[in-house]
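Numbering that gives the first Met the number 0 applies: residue 0 is where the sequence shown begins, and numbers increase by one. Heads up, the beta-carbon is just placed ideally off N, CA and C, and yes, glycines get one too.
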Amino acid sequence: MIRRLLASVAVLWFLGFAWFTIALPGPLESATDDAAIVPTGAAGRIEHGIELLEAGKVNAMLVTGVDPEVRPNEFAVQFEVPPTLMECCITLGSLAVDTRGNATETAKWLAEHKFSSIRLVTSDWHMRRARIELARTVPDDLIIRADAVPTEPSLRILFLEYHKFLASWVSGLWLG
0 MIRRLLASVA VLWFLGFAWF TIALPGPLES ATDDAAIVPT GAAGRIEHGI
50 ELLEAGKVNA MLVTGVDPEV RPNEFAVQFE VPPTLMECCI TLGSLAVDTR
100 GNATETAKWL AEHKFSSIRL VTSDWHMRRA RIELARTVPD DLIIRADAVP
150 TEPSLRILFL EYHKFLASWV SGLWLG
């Protein structure tokens with residue numbers, strides 16, 4: 000009986016991991032949203048958020064998890080952001096140090112704005128967990144669209160992120 004239970008758990012874990020690695024979320028093809036939420040981390044996230052601003056796909060952008068030492072002018076130089084775009088449309092959030100903190104920081108920022116839809120911009124391997132954490136902290140009527148930045152994650156990153164995703168998902172079941 001215990002063997003069958005353990006075997007079933009192992010099969011479910013393996014199938015879940017296979018789904019997680021094979022069916023990574025992709026970029027959002029077309030949509031316009033009020034704002035982009037961009038957690039710092041892997042390459043390509045911030046650049047994609049800036050592209051969305053410049054293309055008029057979003058009107059504002061929160062970059063969450065920025066090192067507190069980074070100043071807006073340094074950010075603008077590093078990512079080649081025009082001063083007018085930096086002033087009007089980009090907020091640098093420096094309160095978060097992890098994915099859950101990104102969600103909390105985002106919720107505080109959103110409380111100051113009247114947005115009806117946001118676009119979450121993060122790495123494909125990070126999207127599922129980031130979206131779970133974000134959905135827990137923002138109003139239920141806020142539309143969250145996933146816009147994953149394609150990457151080539153290592154097996155190690157996928158393995159770690161899958162377990163973080165499972166922990167986040169399970170804790171969500173318990174917390175309601």
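Residues of its chain near residue i, where Cβ-Cβ distance is below 7 angstroms and the 5 sequence neighbours each way are ignored
{"i": "Tyr161", "result": "Phe16, Phe19"}
{"i": "Ala134", "result": "Ile143"}
{"i": "Cys87", "result": "none"}
{"i": "Leu5", "result": "none"}
{"i": "Pro82", "result": "Ala75"}
{"i": "Trp108", "result": "Leu61, Thr90, Gly92"}
Rounded separation between residue i and residue j - CA only
{"i": "Gly55", "j": "Asp33", "result": "10 angstroms"}
{"i": "Pro67", "j": "Val80", "result": "19 angstroms"}
{"i": "Ala41", "j": "Pro138", "result": "27 angstroms"}
{"i": "Ser193", "j": "Leu84", "result": "The chain is shown only over 0 to 175; residue 193 falls outside these bounds and no answer can be derived."}
{"i": "Val65", "j": "Asn72", "result": "13 angstroms"}
{"i": "Phe27", "j": "Arg118", "result": "In the sequence on display, residue 27 carries Leu and not Phe. Between Leu27 and Arg118, the C-alpha separation is close to 9 angstroms."}
{"i": "Ala75", "j": "Val57", "result": "18 angstroms"}
{"i": "Ala182", "j": "Arg127", "result": "Residue numbering for the chain in the displayed model covers 0 to 175; residue 182 lies beyond these limits and cannot be assessed."}
{"i": "Ile1", "j": "Ser170", "result": "25 angstroms"}
Whole-Å CB distance - residue i paired with residue j, under 8 angstroms assumed
{"i": "Gly25", "j": "Thr63", "result": "Contact flag wrong, Cβ pair sits at about 22 angstroms."}
{"i": "Thr105", "j": "Thr136", "result": "7 angstroms"}
Beta bridge counterpart(s) of residue i as assigned by DSSP
{"i": "Lys119", "result": "Checking the displayed sequence, the identity of residue 119 turns out to be Leu instead of Lys. Leu119 pairs with Ile36, Ala145."}
{"i": "Met85", "result": "None, per the DSSP bridge assignment."}
{"i": "Gly92", "result": "Thr63"}
Own chain residues within Cβ distance below 8 angstroms of residue i, not counting five before or after
{"i": "Glu132", "result": "Thr98, Arg99, Asn101, Ala102, Ser167"}
{"i": "Arg44", "result": "Val37, Pro38, Val120, Thr121, Ser122, Val148"}
{"i": "Glu46", "result": "Phe78"}
Is there contact here, the stretch 43–53 with the stretch 139–154, by at least three beta-carbon pairs under 8 angstroms? yes
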